[in-house]
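**Student:** Before we start, here is the structure in question, set down as structure tokens.
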Amino acid sequence: MAATLLLATACAEQAPRPSPDSDETAAAPLVWPKPPAQERIRYLRSVSGPQDWGISRSFWRRLVDALSGNGKELFMRPSAVAERDGVLYVADPGAQALWILDAQRDRYARITRIGEQGLVSPVALALGSGGTVFVADTVLKKVFLLDREGILIRSFATQGLERPAGLAWDEAAQRLFVLDSLRHRVAVFDANGALLHNLGESGSQNGQFNHPTHLALDASGTLLVNDALNFRVQAIDPKGRFLWKFGQVGNGAGDFAAPKGIASDSAGHVYVVDALFDAVQIFDRQGQLLLAFGEHGAGRGQFTLPRGIYISTEDKVYVADAYNRRVQIFLGAIATAETVKEKGK
């Protein structure tokens, strides 16, 4: 995505809006901003459950569902999402579950228990080393590390976490950053689960937080923190040193009303989900609004109280559209039809 993205909240090209269950491939392309401007975001698809990810229902699954009266399994209230090598991970507090959808192996898991403990409110994810995944449960006050099959490796539960709400894994440094919303700080753990130190404290000054809810680690190693009740984004280094900030409360373009998920694309732009705006706003690192996409509704590219966001190395943008019970997928940082063809597979 070039630095010359259009300013303000450019609206999408208007196309007929099908129902969420309709055939999306037959609909006209949905892009932001509208032509003749160069498109920067393109809607790709939505996923409401395993079948939407290309996973078939086996004969035995269909038989059990028919006998029990169950239909296809669907997300309930997805809060966080991540993707790696064709495997989609969805933290779903509405279902009290972690979903692992593996299209290549044509299998999925709906994990409701980790070890001997049932999940209550899994709200955050981070992809770890070697196919592992971290999951944070705010009610259990724990972070779990699972292998690629969803089996527990270890838990991070002995260091006084109050409300683990956001996660980020630093592969190079082998560090896990856990955003503790009630303690207004970021706890830093090593790969074995030992607490190393904490970053930040309660307040409104630089490097202080007020009920932060989400965080992300960008390609440069900068921590991006959604400092929710200070209505701003703060950037700090891995040692907690303040770097920059932007944002203010309001209902205008570039303001924040209920900021949630945060992520960064390959160009370093910062994406912030806002649950009250039902939109995703894109900023440069100076806080200049570049583009916004989304609006209230249940159609393609529309949101109802969205929460988490994840951006892959191919600049695919995954948004947890919580109250529409789905994950919507977009292609960002695009410039040509060839890019769409290659990255939009």
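Residue numbers (the working numbering): 1143 to 1487.
A virtual CB, placed ideally from N, CA and C, is assigned to each residue, including glycine.
Taking E1437 as the reference, give the member of G1429, L1288 and P1448 with the closest Cα.
**Tutor:** P1448
**Student:** Within 10 angstroms of its Cβ, does L1418 collect 16 or more other Cβ (buried), or is it exposed?
**Tutor:** exposed
**Student:** According to DSSP, which residues form a beta bridge with A1405?
**Tutor:** Y1413
**Student:** Look at Y1231 and L1287 and say whether their C-beta atoms are less than 8 Å apart.
**Tutor:** no
**Student:** Starting from W1386, follow the beta strand (DSSP E) in both directions and report where the run begins and ends.
**Tutor:** That run of the beta strand (DSSP E) goes F1384 to F1388.
**Student:** Can you give the beta carbon distance from D1420 to F1445, rounded, assuming they're within the 8 Å contact cut?
**Tutor:** 4 Å
**Student:** From T1455 to V1412, what distance separates their C-alpha atoms?
**Tutor:** 14 Å
**Student:** Cutting at 6 Å between CB atoms, please list the residues of its own chain near N1466, excluding the five before and the five after it.
**Tutor:** A1440 and T1446
**Student:** Just verifying my parser: in three-state terms, what is the DSSP assignment at A1329?
**Tutor:** strand
**Student:** Per DSSP, P1306 forms a beta bridge with which residues?
**Tutor:** D1322
**Student:** Taking 7 Å as the limit between beta carbons, can you name the residues of its chain near G1342, skipping five residues before and five after?
**Tutor:** H1326, R1327, V1328, G1349, Q1350, F1351 and G1382
**Student:** For A1266, name the three-state secondary structure that DSSP assigns.
**Tutor:** strand
**Student:** Name the residue from Q1428, A1409, G1410 and D1397 whose alpha carbon lies nearest to the alpha carbon of V1422.
**Tutor:** Nearest C-alpha to V1422: D1397.
**Student:** Ends of the beta strand (DSSP E) at R1226?
**Tutor:** A1222 to R1226
**Student:** Kindly indicate which residue of A1400, D1360, R1247 and Q1238 has the alpha-carbon position closest to the one of D1369.
**Tutor:** A1400
**Student:** In the DSSP assignment, find the unbroken beta strand (DSSP E) run with S1188 in it and report its ends.
**Tutor:** Looking at the DSSP string, the run of the beta strand (DSSP E) that includes S1188 is I1183 to V1189.
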